[in-house]
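Beneath this line is the structure, given in structure tokens, with notes to follow.
In the working numbering, the protein residues as written are 528 to 739.
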């Protein structure tokens with residue numbers, strides 16, 4: 528049995544992706560967590576986004592409402608470009624849901640991976656692995672200054688990460704956990720960067736890192 532899981536791929540205006548280093552390991556992963564039954568009920572098809580926002584808040588301390596992260600319905604790139612520039616001047620954070628990334632053949636089982644047999648999800652809940660849904664979000668680069676990986680006690684879950692870094696997808700793939708290596712190599716690293724770049728170009732948000 529595979530646990531339903533949301534994997535949140537966060538990228539910034541420099542086409543960098545957020546890597547989160549686990550407390551007990553040297554490896555890096557994306558923000559992720561279980562999809563709860565309540566997420567998918569009475570949420571107007573936005574339940575999976577709500578699950579992603581919960582994990583973003585719990586794991587890196589960035590809190591946004593659903594209304595904040597949905598793109599303008601009129602698809603007006605000028606509005607988002609202006610919002611981005613204004614928010615950066617005010618040192619505010621922009622978080623926008625871009626799209627769900629699907630397996631090329633539509634088979635959701637492609638995004639499965641096995642867990643170590645001694646993992647608590649296996650020993651305590653009977654799962655053998657997780658089946659992920661990949662959600663792509665834009666997050667302004669300044670957000671890293673506001674991130675907090677020390678999950679507050681009231682959330683009832685222990686902190687998972689030691690630190691976070693912006694990095695290239697190539698770096699993130701090379702440093703991901705072994706149990707997700709194939710998933711990163713075959714799908715995340717090939718499907719997510721083109722979608723991220725297309726968004727940045729369309730909304731005129733693509734920036735270049737200053738050379739040293």
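Built from N, CA and C at the ideal position, the CB exists for glycine as well.
In whole angstroms, give me the CA-to-CA distance for residue i and residue j.
i, j, result
"residue 672", "residue 644", "36 angstroms"
"residue 732", "residue 687", "31 angstroms"
"residue 668", "residue 720", "16 angstroms"
"residue 638", "residue 583", "20 angstroms"
"residue 544", "residue 558", "11 angstroms"
"residue 536", "residue 662", "6 angstroms"
"residue 677", "residue 737", "31 angstroms"
"residue 728", "residue 630", "23 angstroms"
"residue 573", "residue 622", "16 angstroms"
"residue 575", "residue 566", "6 angstroms"
"residue 712", "residue 702", "11 angstroms"
"residue 613", "residue 646", "45 angstroms"
"residue 660", "residue 709", "15 angstroms"
"residue 542", "residue 723", "7 angstroms"
"residue 615", "residue 735", "15 angstroms"
Can the beta-carbon of residue i be found closer than 8 angstroms to that of residue j?
i, j, result
"residue 665", "residue 625", "yes"
"residue 675", "residue 620", "no"
"residue 707", "residue 640", "yes"
"residue 714", "residue 585", "no"
"residue 652", "residue 642", "no"
"residue 591", "residue 580", "yes"
With 16 other CB atoms within 10 Å as the buried threshold, where does residue i fall?
i, result
"residue 564", "exposed"
"residue 552", "exposed"
"residue 705", "exposed"
"residue 533", "buried"
"residue 700", "buried"
"residue 730", "buried"
"residue 725", "exposed"
"residue 594", "exposed"
"residue 618", "exposed"
"residue 539", "buried"
"residue 684", "exposed"
"residue 597", "exposed"
Would you mind giving the Cβ-Cβ distance between residue i and residue j, rounded to the nearest angstrom? I have them listed as a contact below 8 angstroms.
i, j, result
"residue 691", "residue 560", "Incorrect: roughly 15 angstroms between the Cβ atoms, too far for contact."
"residue 657", "residue 529", "6 angstroms"
"residue 577", "residue 670", "Not confirmed; about 19 angstroms, so no contact."
* Length at least 4, wholly inside the region 630 to 663: the alpha helix (DSSP H) runs in chain order -> Runs of alpha helix (DSSP H) with 4 or more residues, each lying fully within the region 630 to 663, are found at 647 to 650, listed in chain order.
* Asked: Mind pulling the alpha helix (DSSP H) runs of 4 or more residues that sit fully within the region 565 to 603?
  -> Listed in chain order, the complete alpha helix (DSSP H) runs (minimum 4 residues) inside the region 565 to 603 are 574 to 587, 593 to 596.
* **Any alpha helix (DSSP H) of 4 or more consecutive residues that is wholly inside the region 676 to 735** => Listed in chain order, the complete alpha helix (DSSP H) runs (minimum 4 residues) inside the region 676 to 735 are 696 to 701, 716 to 729.
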